[in-house]
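Residue numbers (UniProt numbering): 1 to 142. Glycine included, C-beta positions come from ideal geometry on N, C-alpha and C.
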């Protein structure tokens, strides 16, 4: 009986210690949160690779933050907004940004972004799907 009491106390103590301890979140390569750089766009089976940005242009980047916040850059503008994910990898993205003239690469991105409705995560790769299975393919920024 004394052994049973000792075991019970040990189990309770261990449980309380573990459950009250500091929690640590380990980032996974299969998490949407983080920074992603646009590498290519697939439209109707044609793959358009990221061109070398002209002088003064930026890489197209999306930063998915916790709590649904979104920040990023287009080829010439900054954007802020929101995102919401749901079951079966559905996603809704909204927001706005500054309004300088875009490069042709930036225009492809800007025209596609409001139509994104699905996403797929692979190791260090994010695919955003829009309009009839077209894709924007991003790589994780380390």
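When we look at the beta-carbon of residue i and count the other beta-carbons within 10 Å, is it buried (16 or more) or exposed?
i	result
residue 109	buried
residue 87	exposed
residue 78	exposed
residue 25	In this prediction, residue 25 has a pLDDT of 34, which is less than 50 and means its spatial position is unreliable; nothing more can be read from the coordinates.
Inspect the beta-carbon positions of residue i and residue j and report whether they are closer than 9 Å.
i	j	result
residue 83	residue 106	no
residue 33	residue 58	no
residue 39	residue 55	no
residue 80	residue 66	no
residue 141	residue 37	yes
residue 41	residue 135	yes
residue 98	residue 62	no
residue 113	residue 137	no
Determine the DSSP secondary structure at residue i, reduced to helix, strand or coil.
i	result
residue 50	coil
residue 106	helix
residue 44	coil
residue 122	strand
residue 66	helix
residue 113	helix
residue 25	Confidence at residue 25 is low in this model, with a pLDDT of 34, below 50, so its placement is unreliable and the value that follows should be read with caution. Here residue 25 sits in coil by DSSP.
residue 32	coil
residue 141	coil
residue 131	coil
Examine the Cβ distances between the stretch 96-106 and the stretch 114-126 and report whether three or more of them are shorter than 8 Å.
No: fewer than three Cβ pairs fall under 8 Å.
Alpha helix (DSSP H) runs contained entirely in the stretch 71-98, provided each spans 4 or more residues:
Listed in chain order, nothing qualifies, since the stretch 71-98 has no complete alpha helix (DSSP H) run of 4 or more residues.
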